[in-house]
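Inspection log for the structure reproduced underneath, given as structure tokens.
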Amino acid sequence: MESQETPIDKVAMQHARVLSGMRPTGQLHLGHYYGVLKNWVELQHEYSCFFFVADWHALTTHYEDPTIIPPSVHEMVIDWLAAGVNPKEATIFVQSRVPEHAELHLLLSMITPLGWLERVPSYKDQQDKLKEKDLSTYGFLGYPLLQSADILLYRAGLVPVGEDQVAHVELTREVARRFNHLYGREPDFEAKAEQAIKKMGKKNARLYQRYRKGWQESGEEEGLAAARALIEGQQNITVADKDRLLGYLEGGGKVILPEPQPLLTRASKMPGLDGQKMSKSYGNTISLRADPDTLATQLRKMPTDPARVRRTDPGDPANCPVWQFHAVYSDDKIQNWVREGCTSAGIGCIECKQPVIDAVLEELRPIQERVREFEEQPDVVSNIINEGCEHARDEARETLDEVRHVMSLDLA
Ligand code: TRP
Ligand code: SF4
Numbered sequence: 002m003e004s005q006e007t008p009i010d011k012v013a014m015q016h017a018r019v020l021s022g023m024r025p026t027g028q029l030h031l032g033h034y035y036g037v038l039k040n041w042v043e044l045q046h047e048y049s050c051f052f053f054v055a056d057w058h059a060l061t062t063h064y065e066d067p068t069i070i071p072p073s074v075h076e077m078v079i080d081w082l083a084a085g086v087n088p089k090e091a092t093i094f095v096q097s098r099v100p101e102h103a104e105l106h107l108l109l110s111m112i113t114p115l116g117w118l119e120r121v122p123s124y125k126d127q128q129d130k131l132k133e134k135d136l137s138t139y140g141f142l143g144y145p146l147l148q149s150a151d152i153l154l155y156r157a158g159l160v161p162v163g164e165d166q167v168a169h170v171e172l173t174r175e176v177a178r179r180f181n182h183l184y185g186r187e188p189d190f191e192a193k194a195e196q197a198i199k200k201m202g203k204k205n206a207r208l209y210q211r212y213r214k215g216w217q218e219s220g221e222e223e224g225l226a227a228a229r230a231l232i233e234g235q236q237n238i239t240v241a242d243k244d245r246l247l248g249y250l251e252g253g254g255k256v257i258l259p260e261p262q263p264l265l266t267r268a269s270k271m272p273g274l275d276g277q278k279m280s281k282s283y284g285n286t287i288s289l290r291a292d293p294d295t296l297a298t299q300l301r302k303m304p305t306d307p308a309r310v311r312r313t314d315p316g317d318p319a320n321c322p323v324w325q326f327h328a329v330y331s332d333d334k335i336q337n338w339v340r341e342g343c344t345s346a347g348i349g350c351i352e353c354k355q356p357v358i359d360a361v362l363e364e365l366r367p368i369q370e371r372v373r374e375f376e377e378q379p380d381v382v383s384n385i386i387n388e389g390c391e392h393a394r395d396e397a398r399e400t401l402d403e404v405r406h407v408m409s410l411d412l413a
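Spelled out as structure tokens, the structure:
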């Protein structure tokens, strides 16, 4: 996939599960479409994907006015579907409908040093940026750990995120490591691992042993990857046994919560209406649901090269936000026409904008059509969400059963 730097070789096949979330705090725009959704749509073909609406995360910054959250949840799911996220391929769910997120967050909070949270860069950054909000709350400090719980609950190996979220995945890795270190040591671990090896059958058991030896004695990475794939491919052994085999492979204890990798999304090229990155906080967005007239007007009003005061003044596309839209939407022929026409004052700016307006409208038309279809069938959307939540919850329960067990919480 060209838009990814895939560190898949670094994670076990078992971890080829992808998880990502989005906060429901308003309308989605073209920046989300280019920066996130197109990427999700690609990923869903290749991995087992879990995409969720992070409504509890939204509360950490919108606790004073939570009423915008529920309508945004529904709208957001519709926008995902309209953009091509397919509920047959990906699990779509809502965080607060899977209360296991909260339980795992609580349990992880017991082992997470305060300093780890205070050091997450977004903590201070966001407080500075969102001055109008009082973010000196417990929930806001803890939200990266809630994100860790989101990820670890599904034992996701890959987390597609932007640059600003990489520190959160890093925190997740540290928390997982600490958790495994504290609780991953069953008293009879080695014996159980040896039993699990036998359950793979003779041939696979021999392969596993060979890979394990190669890794532990000579650091053979290919063998490590192959052994992980081998473990993943086993149909007849339990998740717990797979975890034991993974842990035994690397010489540690049982890996209960695998460490995820960030899957860095290449920075979205989508500029905003003023040429800066498209973002709600800059007020320069094009909503996925913008009606065509509004959209055309917005684009016609876009600033251009400030040197082109009069129609007869030549300009330079490099200094013009409209050019960045051409870079995304226009083919070579149109781009040449723009470059020539602009630098020679051969075309006017309104003329230059027309192909961009056409292309954006063209791109949004089918999305908006699907939005309308889903809006007309609220039951279909509810069903998709219900089924997704149910599936997510089953997976979440499995992890929590094990977490409770190793934390001595299943005695009742
Ligand atoms: N914190 C992310 C954001 O603000 C959203 C999010 C919550 C998320 N939980 C996640 C993303 C887990 C990836 C994985 O954009
Ligand atoms: Fe920008 Fe096009 Fe006008 Fe040149 S002609 S300044 S590229 S809008």
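Once you know that position 274 of the sequence shown is 275 in the numbering used here, the rest is easy, because the numbers rise by one and skip nothing. A virtual CB, placed ideally from N, CA and C, is assigned to each residue, including glycine. Since the structure is predicted, the reported quantities are computational estimates derived from the model, not experimental observations.
- For V310, the secondary structure class from DSSP, reduced to helix, strand or coil, is coil.
- Runs of alpha helix (DSSP H) with 4 or more residues, each lying fully within the segment 5 to 74, are found at 39 to 47, 56 to 63, listed in chain order.
- Apart from sequence neighbours up to five positions away, the residues of its chain that approach L38 with a beta-carbon distance below 6 Å are A84, ordered along the chain.
- Judged by DSSP secondary structure, L264 falls outside any alpha helix (DSSP H) and instead within the beta strand (DSSP E) spanning 262 to 265.
- Minimum Cα-Cα distance from V407 among the listed residues E223, L183, E388 corresponds to L183.
- Inclusion of C50 and W57 in the CB contact set at 8 Å is not warranted, their separation being larger than that value.
- Residue state for I287 is assigned as coil, using DSSP reduced to three classes.
- Its Cα nearest to that of L154, the residue V19 stands out among V19, P318, R311.
- Its Cα nearest to that of Q45, the residue T92 stands out among T92, H63, V74, H30.
- Under the three-state reduction of DSSP, K214 is assigned to helix.
- Where I93 is concerned, the enclosing beta strand (DSSP E) starts and stops at 91 to 95.
- Remark: the shortest separation between the CB of R98 and any heavy atom of the ligand TRP does not fall under 7 Å.
- By the 16-neighbour rule on beta-carbons within 10 angstroms, V310 is exposed.
- Under the DSSP assignment, P315 falls outside any alpha helix (DSSP H); it carries neither an H nor an E label.
- N285 is classed as buried because its beta carbon has at least 16 other beta carbons within 10 Å across all chains shown.
- The way I'd put it, the segment 164 to 180 does touch the segment 120 to 127; three or more beta-carbon pairs between them come closer than 8 Å.
- For P161, the pairing in a beta bridge is given by DSSP as L264.
- The nearest non-hydrogen atom of the ligand SF4 is less than 7 Å from the C-beta of I348.
- For V256 against L247, the beta-carbon gap comes to about 5 Å, under 8 Å, which counts as contact.
- In this structure, K200 sits near I238, with a CB-CB distance shorter than 8 Å.
- Between A194 and Y249, the CB-CB gap stays under 8 Å.
- In the DSSP annotation of this structure, the continuous segment of the alpha helix (DSSP H) that includes N181 starts and ends at 167 to 184.
- I79 is positioned such that its CB atom lies closer than 8 Å to that of V372.
- In the same chain as G163, and ignoring 5 residues on each side of it, the C-beta atoms closer than 7 Å to its own belong to G36, T266, in chain order.
- Across the set E187, A192, P71, L231, the C-alpha of L231 shows the shortest separation from the C-alpha of L208.
- Selection R186, Y34, S110 evaluated against L146 yields S110 as nearest (Cα-Cα).
- If you compare the alpha carbons of T138, D135, R178, L142 with that of R156, the shortest gap goes to R178.
- Of the residues assessed, T173 falls on the buried side of the cut-off, its CB having 16 or more other CB atoms within 10 angstroms.
- Annotation for C50 indicates a beta carbon at 7 Å or more from all heavy atoms of the ligand SF4.
- Put simply, the backbone Cα of T344 is about 59 Å away from that of A397.
- Contact between the segment 95 to 103 and the segment 374 to 391 is established, with three or more Cβ pairs separated by less than 8 Å.
- Using a Cβ-Cβ distance cut-off of 8 Å, the segment 295 to 313 and the segment 219 to 230 are not in contact, since fewer than three pairs of beta carbons, one from each stretch, lie closer than that value.
- Per the Cβ contact rule, the segment 351 to 371 is in contact with the segment 315 to 334 (3 or more Cβ pairs under 8 Å).
- In the DSSP assignment, N237 falls outside any alpha helix (DSSP H), carrying neither H nor E.
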